[in-house]
Amino acid sequence: MTLEEETKVREKARNYLCGYQLCLDMLKLRKYERKRAAKFDELCECEDILAGDEAYWKARIYEIAAFLGGMKNGREKMLLYYRCVKGESIERAAGLMGISRRTAYRLWNKALLSAGLLLEREGHLLGASG
């Protein structure tokens, strides 16, 4: 595999896995919007708008968590978990794992490549751009 191909695969995996935190953030935002809308004096028929994509976000979170759970156990999986699910920085994840920052960044690239190849093999990245 060429360096360019590896970079594309890593980028697709990163984009896919970052969806976990994005969907989680969107769910939190919707919860906040509901609380705020409930405090308005006027009737607001925005419930259908606020609930619009929650099913997708929850399904996506479950899908990504299941994907990570199905990966072979090891440092790559642990780093992906800390970074994508827990939202930790690479530096913080390195500290939690007891490895150097430099090793963590190397492991991050390796983990993204492994995840990207696995995602391609499972057909998750067929329509993804990157």
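According to this note's numbering, the residues represented by the sequence shown are 1 to 130, in order.
All C-beta atoms in this analysis are idealised placements derived from N, C-alpha and C, irrespective of residue type, glycine included.
My assumption, with CB atoms under 8 Å, is that residue i sits in contact with residue j. Please give the rounded CB distance.
| i | j | result |
| --- | --- | --- |
| leucine 119 | tyrosine 56 | Their Cβ separation, rounded to whole angstroms, is 18 Å, which puts leucine 119 and tyrosine 56 out of contact at 8 Å. |
Verify whether the separation of the beta carbon atoms of residue i and residue j is less than 7 Å.
| i | j | result |
| --- | --- | --- |
| glycine 116 | lysine 12 | yes |
| alanine 66 | tyrosine 82 | no |
| leucine 107 | leucine 80 | no |
| tyrosine 20 | isoleucine 61 | yes |
In three-state DSSP terms, what is residue i?
| i | result |
| --- | --- |
| aspartate 53 | coil |
| serine 100 | coil |
| lysine 86 | coil |
| methionine 78 | helix |
| asparagine 109 | helix |
| lysine 72 | coil |
| threonine 7 | helix |
| methionine 1 | coil |
| glycine 95 | helix |
| glycine 123 | coil |
Can you tell me the Cα-Cα spacing of residue i and residue j, whole angstroms?
| i | j | result |
| --- | --- | --- |
| asparagine 73 | leucine 112 | 15 Å |
| phenylalanine 22 | valine 85 | Going by the sequence as given, residue 22 is leucine instead of phenylalanine. The alpha-carbon atoms of leucine 22 and valine 85 are separated by roughly 10 Å. |
| glutamate 88 | methionine 97 | 12 Å |
| threonine 103 | aspartate 53 | 38 Å |
| lysine 31 | arginine 14 | 26 Å |
| methionine 26 | glutamate 63 | 16 Å |
| glutamate 91 | asparagine 109 | 14 Å |
| lysine 77 | glutamate 6 | 18 Å |
| leucine 3 | leucine 24 | 32 Å |
| methionine 71 | lysine 58 | 20 Å |
| glycine 123 | cysteine 18 | 18 Å |
| glutamate 33 | methionine 1 | 46 Å |
| glycine 69 | leucine 29 | 26 Å |
By Cβ distance below 7 Å, which residues in the same chain neighbour residue i in space, the five residues on each side in sequence not counted?
| i | result |
| --- | --- |
| serine 114 | Glu76 |
| arginine 10 | Asn109, Leu112, Leu113, Gly116 |
Go through its chain and collect everything with a Cβ distance to residue i's Cβ below 8 Å, but skip five positions before and after it.
| i | result |
| --- | --- |
| serine 100 | Ala94 |
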